[in-house]
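*Asks:* Numbering (the working numbering), first residue to last: 552 to 743. Backbone N, C-alpha and C fix where the C-beta goes; we use that ideal spot for every residue, glycine too. Take a look at this one; I'll ask things after.
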């Protein structure tokens with residue numbers, strides 16, 4: 552299944568002129584995952600093993616610096632922390648918000664580090680890290696403004712680059728990604 556997903560994704564990316572470099576070898580995939588402490592979801596890994604999209608907005612897992620990739624990887628948590636400090640984001644499940652902003656930030660980071668890790672796909676679009684079983688959603692993440700942007704990788708690429716949904720759009724629901732999908736569904740602080 553993931554090979555079919557990768558092949559379809561590559562076809563869609565080529566149609567819109569995205570530059571594709573050779574896919575990552577298994578040792579390169581393992582090195583990236585080991586360096587940053589996560590595993591790509593099966594569909595994301597299959598795409599990157601087949602071809603690495605490069606250019607504006609795409610993380611280049613082969614050539615970007617560790618600092619560049621780390622910044623992209625921490626962006627969802629950093630954005631949520633900004634909303635903790637400047638936009639009254641504080642889920643009730645975290646307990647009372649500390650008055651001191653430094654303590655609130657530290658506690659928020661502790662909680663957010665337990666949320667599923669999101670891996671950059673393109674711009675501020677993310678896929679959940681493994682454990683995942685394929686067919687995982689693509690999320691648009693800007694601070695705590697989260698949107699389900701695709702039921703899966705192929706659906707996302709249709710929406711992002713072809714301005715259309717895939718035929719199965721109305722027959723499948725988004726796979727739930729703990730906490731992030733809650734935000735995407737419009738959950739408020741007292742519901743998190």
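Short check: CB of residue 729 to CB of residue 647, under 8 Å?
*Replies:* Their beta carbons are not under 8 Å apart, which means residue 729 does not touch residue 647 by this criterion.
*Asks:* Rounding to the nearest angstrom, what Cα-Cα distance links residue 695 and residue 676 in this structure?
*Replies:* In a straight line, the C-alpha of residue 695 is about 13 Å away from that of residue 676.
*Asks:* Give the DSSP-derived three-state secondary structure of residue 701 in the structure shown.
*Replies:* Strand at residue 701.
*Asks:* Can you list the beta strand (DSSP E) stretches of 3 or more residues lying completely in the segment 592-673, in chain order?
*Replies:* With a minimum length of 3 residues, the continuous beta strand (DSSP E) runs that stay inside the segment 592-673 are 602-605, 669-673.
*Asks:* Can you give me the C-alpha to C-alpha distance between residue 642 and residue 740, rounded to a whole angstrom?
*Replies:* Whole-angstrom Cα-Cα distance: 4 Å.
*Asks:* Can you tell which of 702, 656, 594, 566 has the C-alpha that lies nearest to the C-alpha of residue 638?
*Replies:* It is 656 whose Cα lies nearest to the Cα of residue 638.
*Asks:* With DSSP as the reference, please indicate the residues paired to residue 689 in a beta bridge.
*Replies:* The partner list for residue 689 (beta bridge, DSSP) reads 701.
*Asks:* Consult DSSP for residue 572 and reduce its assignment to one of helix, strand or coil.
*Replies:* Note: residue 572 maps to strand in three-state DSSP.
*Asks:* Determine the contact status of residue 690 and residue 700, defining contact as a CB-CB distance below 8 Å.
*Replies:* Yes. Within cutoff.
*Asks:* Check whether the Cβ atoms of residue 705 and residue 567 lie closer than 8 Å to each other.
*Replies:* No, the Cβ-Cβ distance between residue 705 and residue 567 is not below 8 Å.
*Asks:* Grab the span of the beta strand (DSSP E) containing residue 676 for me, first residue to last.
*Replies:* Run containing residue 676: 676-679, per the beta strand (DSSP E) assignment.
*Asks:* Kindly identify the DSSP beta-bridge partner or partners of residue 696.
*Replies:* Bridge partners of residue 696: 693.
*Asks:* Spatial neighbours of residue 726 within its chain, please: C-beta separation below 7 Å, excluding the five flanking residues on both sides.
*Replies:* Result list for residue 726: 686, 687, 688, in chain order.
*Asks:* Give the secondary structure of residue 554 by DSSP, where H, G and I count as helix, E and B as strand, and everything else as coil.
*Replies:* The answer is helix: DSSP assigns residue 554 an H, G or I state.
*Asks:* With H, G and I counted as helix, E and B as strand and the rest as coil, what does DSSP make of residue 726?
*Replies:* Three-state result, residue 726: coil.
*Asks:* Between residue 614 and residue 574, what straight-line distance do the alpha-carbon atoms span, to the nearest angstrom?
*Replies:* Their Cα atoms are separated by approximately 12 Å.
*Asks:* Rounded to whole angstroms, how far is the Cβ of residue 563 from the Cβ of residue 712, which I believe are closer than 8 Å?
*Replies:* Correct: roughly 6 Å between the Cβ atoms.
*Asks:* From the DSSP output, in three-state form, read off residue 587 for me.
*Replies:* Three-state result, residue 587: helix.
*Asks:* Can you give me the C-alpha to C-alpha distance between residue 596 and residue 735, rounded to a whole angstrom?
*Replies:* Spanning the two alpha carbons is a distance of roughly 24 Å.
*Asks:* Helix, strand or coil: which one does DSSP assign to residue 560?
*Replies:* If DSSP states are grouped into helix, strand and coil, residue 560 belongs with the helices.
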